[in-house]
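Trainee: Protein chains in written order, with my numbering: chain D, 1 to 112; chain L, 1001 to 1114.
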């Protein structure tokens, strides 16, 4: 079993739809939970991070962490064609910035 | 204009050759990282360095080597011992210390073995 599981998709939605992206994990020591966006043939860029459980909102993006279920989500409201990219979840324990674990990434296409 | 640069963008290697991928940052970050990205897999850590003249193996260090002679530079050598080197290679850097330190990624180098 992988430490971080992420459905690779691909996921295709119409413009304006609400998108839900998810990851599950097995290591209960994870405390930082990140979402990265990666455009084709580019490096990932950090969208949001959350510490421990709870929700965090930034514009059209909302990150949720449920540590009891070992499940994290990223919601994108009013999706735009410019949101078309691969979304990677990543997580790490509190004490070790060097040991980030990444999901495989979900490829999202938002159609105009 | 601060950031991380990687070169070359595309690299082709013949079997049995060693190749070196360049990574430079002007963010004044202490920590630097090399990851490998394959289709359908998450990023996997090859090597990391927290300080000049020191580096540590990641999960998949076999067949790779690094050096950290300058704070801003962290080159990765893919040796002929790496059995399946075709992949997308990403370099990252971050501040060090407790708490959350964002890892900033470079644009990547795509290596293909012919």
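Glycine included, C-beta positions come from ideal geometry on N, C-alpha and C.
Since we're looking at a predicted model, the values are computed, not measured.
Taking 7 Å as the limit between beta carbons, can you name the residues of its chain near residue 1005 (chain L), skipping five residues before and five after?
Mentor: Translated into positions along the second chain, residue 1005 (chain L) becomes position 5. So the list reads 1024, 1106, once near-sequence residues are dropped.
Trainee: Could you tell me whether any Cβ in chain L is nearer than 8 Å to the Cβ of residue 102 (chain D)?
Mentor: Position 102 of the first chain holds residue 102 (chain D). So yes, residue 102 (chain D) belongs to the interface.
Trainee: Using only the alpha-carbon positions, how far apart do residue 63 (chain D) and residue 70 (chain D) sit?
Mentor: If you number the first chain from 1, residue 63 (chain D) lands on position 63. If you number the first chain from 1, residue 70 (chain D) lands on position 70. Taking the straight line joining both Cα atoms gives about 14 Å.
Trainee: Is the beta carbon of residue 1048 (chain L) less than 8 Å from the beta carbon of residue 1037 (chain L)?
Mentor: Here residue 1048 (chain L) refers to the residue found at position 48 of the second chain. Here residue 1037 (chain L) refers to the residue found at position 37 of the second chain. For residue 1048 (chain L) and residue 1037 (chain L), no; Cβs fall outside 8 Å.
Trainee: Quick one: grab the DSSP three-state call for residue 81 (chain D).
Mentor: Taking the first residue of the first chain as position 1, residue 81 (chain D) is located at position 81. In this structure, residue 81 (chain D) counts as helix in the three-state DSSP scheme.
Trainee: Is there contact here, the region 1013-1031 of chain L with the region 1080-1089 of chain L, by at least three beta-carbon pairs under 8 Å?
Mentor: Flag = yes, the region 1013-1031 of chain L and the region 1080-1089 of chain L touch.
Trainee: Report the residue from D:59, D:98, D:27, D:11 whose alpha carbon sits nearest the alpha carbon of residue 114 (chain D).
Mentor: Residue numbering for chain D in the displayed model covers 1 to 112; residue 114 (chain D) lies beyond these limits and cannot be assessed.
Trainee: Counting C-beta neighbours from all protein chains within 10 Å, is the total for residue 1114 (chain L) 16 or more, i.e. buried, or is it exposed?
Mentor: Along the second chain, read from residue 1 onward, the residue named residue 1114 (chain L) stands at position 114. Residue 1114 (chain L) comes out exposed.
Trainee: Could you check whether the Cβ of residue 1022 (chain L) sits closer than 8 Å to any Cβ belonging to chain D?
Mentor: Counting from one through the second chain, the residue named residue 1022 (chain L) turns up at place 22. Output row for residue 1022 (chain L): interface = no.
Trainee: Measure the C-alpha to C-alpha separation of residue 1101 (chain L) and residue 74 (chain D) and round it to an integer number of angstroms.
Mentor: As a working mapping, residue 1101 (chain L) is identified with position 101 in the second chain. As a working mapping, residue 74 (chain D) is identified with position 74 in the first chain. Rounded to the nearest angstrom, the two C-alpha atoms are 20 Å apart.
Trainee: Determine the direct distance from the alpha carbon of residue 1031 (chain L) to that of residue 1053 (chain L), and round the result to whole angstroms.
Mentor: Stepping through the second chain from its first residue, residue 1053 (chain L) is reached at position 53. Stepping through the second chain from its first residue, residue 1031 (chain L) is reached at position 31. Residue 1053 (chain L) and residue 1031 (chain L): Cα-Cα distance of roughly 12 Å.
Trainee: Might you give, ordered along the chain, the residues of its own chain that have their beta carbon closer than 8 Å to the beta carbon of residue 48 (chain D), omitting 5 neighbours on each side?
Mentor: Residue 48 (chain D) sits at position 48 when you count from the first residue of the first chain. Excluding sequence neighbours, residue 48 (chain D) sits near 34, 35, 56, 58, 61, 63, 74.
Trainee: Could you work out which residues of chain L lie near residue 135 (chain D), taking near to mean beta carbons separated by less than 9 Å?
Mentor: No answer is possible for residue 135 (chain D): it lies beyond the span of chain D, which begins at 1 and ends at 112.
Trainee: Between residue 65 (chain D) and residue 83 (chain D), is the Cβ-Cβ spacing less than 8 Å?
Mentor: Within the first chain, the letter at position 65 stands for residue 65 (chain D). Within the first chain, the letter at position 83 stands for residue 83 (chain D). The answer is no: Cβ separation not under 8 Å.
Trainee: Have a look at L:1072, L:1112, L:1111 and flag the residue whose alpha-carbon is nearest the alpha-carbon of residue 1033 (chain L).
Mentor: Residue numbering aside, residue 1033 (chain L) sits at position 33 when the second chain is read from its first letter. For residue 1033 (chain L), the nearest C-alpha among the options comes from L:1072.
Trainee: Cα-Cα, which of D:17, D:13, D:37, D:20 is closest to residue 1104 (chain L)?
Mentor: Here residue 1104 (chain L) refers to the residue found at position 104 of the second chain. That would be D:37, whose Cα lies nearest to the Cα of residue 1104 (chain L).
Trainee: Residue 101 (chain D) and residue 4 (chain D) look like a contact to me (Cβ under 8 Å); what is the Cβ gap, rounded to whole Å?
Mentor: In the first chain, residue 101 (chain D) corresponds to position 101, counting from 1. In the first chain, residue 4 (chain D) corresponds to position 4, counting from 1. That belief holds up - the Cβ atoms of residue 101 (chain D) and residue 4 (chain D) are roughly 5 Å apart, short of 8 Å.
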